[in-house]
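In the UniProt record's numbering, the protein residues as written are 1 to 867. Glycine included, C-beta positions come from ideal geometry on N, C-alpha and C.
This is the structure:
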């Protein structure tokens, strides 16, 4: 078998009842996903309207969507399209995808895979009852299941890529119980989703059949049966910014990480000489190598692993790899390409109220770009449908008219539609526009579920958003980074469950989570760009972890990089190495000896340990060194300034900045003057009489402005109040706290490596306060689920001052306290029925709080007894 074979599977697309590799569970009895044409959407819409016998009437819609009509030439077009559809699309009773009955290898229980029965049952309980032929072919490729060969593969979105990696990763862990796995994902939301999935997959499955250390133990007092089960189970741990867990490399079997955390874990394992414990690393969304901000970290991490030549299987996958062969050559891997789609995708272009199938739009696109130039070779675009002009002023322009018409058509047919917009404000505006045009009558059960969703949002500490109060009862919502994490989770779950029919979102939704939709509407798509990652960090990490020292080893390291395999000239690379080494020497991050070997300085080690870039690390070193000479210890402002990230996306509201400066006490004023802020200049800028041109100075002012927000967060001011005060989004404030928590952890590690232990202790304590959003006396309480910031203080003031008091409380005792934490200005009516829903939500939350406090108290009691 050719080690680098291309296996292109099934050029045509077709549907199937199997959902192997799907991101969410589904019963075997669920109806198979079916291909939908415009005719089917219209027919389904008619059926839904006829079958709704129990309906709930609410306020009449303000506008009505435009009618979408078929054109006379669309019949020929539909006929030609139907010839390309799969058999399953034409006769849904006959599936064209074989199952285990036709091909036994498509069952995960087949002996060729060698998976434990318990693991197969866990997959089945999550809806994975069989796999696709391309997945079987990929898994059974030479050296894949045994871990002897690396693998790079590409398959369309929804084709089951993740399942292949999951099986290979778990197979490796189960076959070699002393080995660990790292799964790398680009976004925190994906890490959290994958954590839940993998923990359910490995539930009840031991790492090995017999753990000698536990089996031979005779100390029954310390080795209970429950402890044995916990030690012998597969530990799936998340590593991402803002995570509460403080687990280490030794505490995990499968580490699910963001890119930055994965690189940091690899550095730690190399430095501690435990990298031999790593058995497999999975790189999901491998196309992130092209990301201009983070792609270089993936390349650096993989290059180090390749240079080590350890027994580590590298698995890379993506839906959008264009250079699979180059990547396979770099990784010394087999590569596999599948074009199989479980659900076909039809693409259309909407232009000036006409809907065109994408295959016919080449000439139309050229005309749109250069309207005055015609080409006789262009094939005339053939529109299949037309969106009629609207009589409403809000829909006068073609784009909003088309967006509303298409979204409402899909929703009326009983399906879900995703609408992607370019900004947060556009999401909210378009959600309201679509909601105003949604149908007037709906099933009463759906209405109740939507009102229940509204109550869930209202029960959050930030309260109910005014836009949600208007759109959710009509089945429409929006999703963007300006929402809090809790809001985003509830909205995504509502759409996933079919409670919401239209979700308007920024592109972060597509990158972060997986949601089902029958129609996706893109408003303003954009292309990315490539950028080579910085070489300075690559060399510094290699030298700091003692992976390389001499020039020959450094050159071998460069030869293991993707840059070397991507056609870059060898002379150019050698010049880059020379200049980068000199830059590291000049910055005193590394030092050289007479025999031309290199070793890291203490500063270089601190930068690598903290996961800062060299430039950021040098800036932080200068800031901390200056702070140590005159640290302001009689206040908190200096600590919060140190926690403020070096890059912030928020704009400074100079009027608010001026007010905050005027409200500072003596220690606060001394802090801002020490770091370089002039209160007089702030006042001048607020009055419009001055501005800051120097980027370095502006960064200092940005960090001080951020420090004000961190101070408020740590002093129990609600997120919604801070967002209003600083004129920013609630989600932005929450994200700021999460980012600063990760940055603060890096700062603490930096101080430890530099030998500044006292400063590290202070930073670590304040990091706990920042995560809890509370003062020091509430840190124990803030460990409890749902108990943060203002909620923790309210519970404290009402007599619940310990974990034990919370654990012994009744839900009815906590609900009135939780009700006190609700925002006073509600965006939702407070009639008796609505309040009953909110009370029910708060009661459920109280039960979670009690259960969480009970677990923590039990753990605390066990630790005290052991001591």
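Sequence-distant Cβ neighbours of residue 694 in its own chain, meaning closer than 6 Å and more than five residues away, do not exist here.
By alpha-carbon distance to residue 597, the top candidate from 624, 639, 553, 254 is 553. Residue environment analysis places residue 455 among the buried positions, since at least 16 neighbouring C-beta atoms fall within 10 angstroms of its C-beta. With distances taken between CA atoms, residue 805 lies nearest to 780 out of 819, 780, 823.
When the five nearest sequence neighbours on each side are left out, the beta carbons in the same chain lying within less than 7 Å of the beta carbon of residue 564 are those of 558, 573, in order along the chain. Contact check for residue 133 and residue 98: beta-carbon distance about 7 Å, within the 8 Å limit, so the pair qualifies.
For the pair residue 505 and residue 426, the Cα-to-Cα distance works out to about 9 Å.
Approximately 5 Å separates the beta-carbon atoms of residue 584 and residue 590; this is inside 8 Å, confirming the contact. Straight across, the Cα-Cα distance linking residue 140 with residue 113 is about 8 Å.
Look at residue 408 here: in three-state DSSP terms it is helix. In this model, residue 204 and residue 121 are separated by some 11 Å (Cα to Cα).
Just measuring C-alpha positions, the residue of 661, 673, 542, 178 sitting nearest residue 599 is 542. Distance from the CA of residue 71 to the CA of residue 399, rounded to the nearest whole angstrom, comes to 20 Å. Under the three-state reduction of DSSP, residue 800 is assigned to coil, being neither helix nor strand. In this structure, the beta-carbon distance from residue 479 to residue 503 falls below 7 Å. Nearest Cα to residue 611 within the set 860, 264, 174, 461: 264. Shown here, residue 301 sits in a helix according to DSSP, grouped into three states. Counting along the chain, the unbroken beta strand (DSSP E) around residue 385 starts and ends at 385-387. A check of alpha carbon separations from residue 545 across 601, 648, 795, 436 identifies 601 as the nearest.
The segment 743-824 is shown to contain whole alpha helix (DSSP H) runs of 4 or more residues at 757-772, 789-797, 803-807, 811-820, in chain order. For residue 190, the enclosing alpha helix (DSSP H) starts and ends at 188-201. Nearest to residue 727 by C-alpha distance, out of 680, 648, 700, 652, is 652. Residue 293 counts as exposed, since fewer than 16 other C-beta atoms from the protein chains shown sit within 10 angstroms of its C-beta.
For residue 234, no beta strand (DSSP E) run applies, since DSSP gives it neither H nor E. Our two residues, residue 322 and residue 353, have alpha carbons roughly 34 Å apart in a direct line. For residue 427, the three-state secondary structure derived from DSSP is helix. In the three-state reduction of the DSSP assignment, residue 635 falls in the coil class, being assigned neither a helical nor a strand state. In the structure shown, residue 612 falls within a coil segment according to DSSP collapsed to helix, strand and coil.
Comparing C-alpha distances from residue 711 to each of 642, 450, 688 shows the shortest one belongs to 642. Only buried fits residue 267, as 16 or more other CB atoms lie within 10 angstroms of its CB.
Proximity of the segment 651-669 to the segment 702-717 meets the contact definition, three or more beta-carbon pairs being nearer than 8 Å. The Cβ neighbour count for residue 405, taken over all protein chains shown within 10 Å, is at least 16; the residue is labelled buried. Cβ-Cβ distances below 7 Å link residue 778 to 772, 792, 793, 796 in the same chain, with the five nearest sequence neighbours on each side left out; the list follows chain order.
According to DSSP, residue pairing for residue 180 in a beta bridge involves 278. Boundaries of the alpha helix (DSSP H) harbouring residue 119: 117-125, taken from the DSSP string. For residue 692, no beta strand (DSSP E) encloses it, and the DSSP letter there is neither H nor E.
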